[in-house]
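J.: Taken in order, the sequence shown gives residues -25 to -1, 1 to 269; the numbers are from mature numbering (1 follows the signal peptide of the UniProt record, and there is no 0). Beta carbons are placed, not taken as given, at the ideal position from N, Cα and C, and that holds for glycine. In this text the structure is predicted, and so the values were computed from the model without any measurement. My structure is below; once you've seen it, I'll send some questions.
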Amino acid sequence: MSLSKSLRILSVFLLSYFIFSNAYGQTDSLSDTRKYREQFIYFGTNISPSSKSRDAAFSPLLYDGPGIGGGGGFVTRNNNFEFLIDGSFIFGLMSTKLAGSTDTGGNIYYSVPAHAHALWTVNPVFKSTPNAFLRVGGAVDFSGNFRGNFSYTNSALNFEYISGIGPGAQVGWDVHINKTGKFFRKKDRDLTFLWTVSLPLMGTYMRPSYNTISDFTTGANFISGGGQQNFAFIGNLVQFNSRLEMYYRLHNKNAFRLFYEWKYFAVNEGSSGNSKGAYHQIGIAFMFNVTGNK
């Protein structure tokens, strides 16, 4: 998925502000309740329209392909604070733009990303926009990426474990749509729109200490393949995570979560040790309200 397509998705997401701007009532909004608090556990499914990878130790070619998976997490939030932790998995097939024996049997990949953040509301921001807010704080990101090409007998499998910690930020908007509004006339609804980003400044990574694992089917694994844990700052290890979310609350206090996420990583160890990749995923999850007594 190109940058222009990603920007179009963001534009559509933000355009909802203008679509609903005349349909919500400020006095009934979720965030107008001073002591509001909510906690959710959620589970869902996701698809990855595009996952890309280029690893100089694996192949000079760019591999790209779709995938499918699922995930879950926990979030607690109120007017002043949000804590979230979630994870997912993506499984699929990659290919190159070249036809031939290198694509025989397909190139299997799967990724296991995880994310957590703790963000605090910056009160002076968006004072003139009811129910909009900015939160800043810290975030932790992790990604385990695994790739296999069974036509490469001596380099059938490669991987990297990447983790990082750094700042995070979130822009959000709580919307209340009255049942007498232009849209959703039968029932009133509470929605929340969120854009969250994180940029780890330091972290660790593990990759094979030689080109790739040889003949992993004989019992070699991710550790016996010679992986070595390394610490690095941003530059040698680059990560970025961006996600757009919408919470659609039901009248039984549960909710649906729609999201789009883009994640990028790069490990820079020199010409033979460069590895980079990115993925897009779109998903839906059901959120179980576990708030309890307020």
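Just verifying my parser: in three-state terms, what is the DSSP assignment at Glu236?
T.: Taking the first residue of the sequence shown as position 1, residue 236 is located at position 261. Strand, per DSSP.
J.: How many whole angstroms separate the CB atoms of Ser250 and Ala31, which I take to be in contact at a CB cut-off of 8 Å?
T.: As a first step, residue 250 must be located in the sequence shown, where it is residue number 275. As a first step, residue 31 must be located in the sequence shown, where it is residue number 56. With a Cβ gap of about 7 Å, Ser250 and Ala31 count as contacting.
J.: Could you tell me the alpha carbon to alpha carbon distance between Phe208 and Glu220, rounded to whole angstroms?
T.: By one-based count along the sequence shown, residue 208 stands at place 233. By one-based count along the sequence shown, residue 220 stands at place 245. Rounded to the nearest angstrom, the two C-alpha atoms are 29 Å apart.
J.: Roughly how many angstroms separate the alpha carbons of Thr96 and Asn54, rounded to a whole number?
T.: Sequence index remark: in the sequence shown, residue 96 carries index 121 (1-based). Sequence index remark: in the sequence shown, residue 54 carries index 79 (1-based). Each residue's Cα considered, the two are about 7 Å apart.
J.: Give every residue of the same chain whose Cβ lies closer than 6 Å to the Cβ of Val87, excluding the five residues on either side of it in the sequence, and list them in chain order.
T.: Walking along the sequence shown from the start, residue 87 turns up at place 112. Correct list, in chain order: Phe64, Gly119.
J.: Report yes if the CB atom of Ala230 is closer than 8 Å to the CB atom of Phe15, and no otherwise.
T.: In the sequence shown, the residue the question calls residue 230 occupies position 255. In the sequence shown, the residue the question calls residue 15 occupies position 40. In contact: Ala230 and Phe15 (Cβ atoms closer than 8 Å).
J.: Output the distance between the C-alpha atoms of His226 and Asp165, rounded to the nearest integer angstrom.
T.: The residue you call residue 226 lines up with position 251 of the sequence shown. The residue you call residue 165 lines up with position 190 of the sequence shown. In a straight line, the C-alpha of His226 is about 9 Å away from that of Asp165.
J.: Give me the residue from Gly62, Tyr38, Asp39, Phe206 with the minimum Cα distance to Phe49.
T.: Your numbering for residue 49 matches position 74 in the sequence shown. Here the closest residue by C-alpha is Gly62.
J.: Can you say whether Val150 is buried or exposed, counting buried as having 16 or more other CB atoms within 10 angstroms of its CB?
T.: Numbered from 1 along the sequence shown, position 175 holds the residue referred to as residue 150. Buried: at least 16 other Cβ atoms inside 10 Å.
J.: Can you check which of these residues, Ser25, Glu244, Leu109, Gly139, is closest to residue 270 by C-alpha distance?
T.: Because the chain here runs from -25 to 269, residue 270 falls outside it and cannot be looked at.
J.: Nearest to Gly42 by alpha carbon, out of Phe58, Leu36, Thr20, Arg52?
T.: The residue given as residue 42 occupies position 67 in the sequence shown. The residue with the shortest Cα to Cα distance from Gly42 is Thr20.
J.: Cα separation between Asn124 and Asp39?
T.: Walking along the sequence shown from the start, residue 124 turns up at place 149. Walking along the sequence shown from the start, residue 39 turns up at place 64. C-alpha separation (whole angstroms): 13 Å.
J.: Report yes if the C-beta distance between Ile257 and Pro105 is below 8 Å; otherwise report no.
T.: Position 282 of the sequence shown, counted from the start, is the residue given in the question as residue 257. Position 130 of the sequence shown, counted from the start, is the residue given in the question as residue 105. Cβ distance not < 8 Å, so Ile257 and Pro105 don't count as in contact.
J.: Just reading off the beta strand (DSSP E) that Asn249 is part of, what are its end residues?
T.: Here residue 249 corresponds to residue number 274 of the sequence shown, with the count starting at 1. Taken as a continuous stretch (DSSP letters only), Asn249 belongs to no beta strand (DSSP E), as it is neither H nor E.
J.: Who are the Cβ neighbours of Ala241 in its own chain at under 6 Å, not counting the five residues just before and after it?
T.: The count along the sequence shown starts at 1 and reaches residue 241 at position 266. So the qualifying residues of the chain are Val213, Lys251.
J.: Does the beta-carbon of Gln145 have 16 or more other beta-carbons within 10 angstroms, so that it is buried, or is it exposed?
T.: Your numbering for residue 145 matches position 170 in the sequence shown. Counting Cβ neighbours within 10 Å, Gln145 comes out buried, since at least 16 surround it.
J.: Would you mind giving the Cβ-Cβ distance between Phe66 and Gly44, rounded to the nearest angstrom? I have them listed as a contact below 8 Å.
T.: For this step, residue 66 is matched to residue 91 along the sequence shown. For this step, residue 44 is matched to residue 69 along the sequence shown. At roughly 6 Å, the Cβ-Cβ gap stays under 8 Å, so Phe66 and Gly44 are in contact.
J.: Is Asn133 buried or exposed, if buried means 16 or more other CB atoms sit within 10 Å of its CB?
T.: Counting from 1 along the sequence shown, the entry for residue 133 is found at position 158. Classification of Asn133: buried, given that the 10 Å Cβ count is 16 or more.
J.: How about Ala107 and Trp148: do their beta carbons lie closer than 8 Å?
T.: Here the question's residue 107 lines up with position 132 in the sequence shown. Here the question's residue 148 lines up with position 173 in the sequence shown. Closer than 8 Å, so yes.
J.: Starting from the Cα of Val111, find the closest Cα among Ser70, Thr51, Val172, Arg232 and give me that residue.
T.: Working through the sequence shown from its first residue, we reach residue 111 at position 136. Comparing Cα-Cα distances from Val111 to each of Ser70, Thr51, Val172, Arg232, the minimum goes to Val172.
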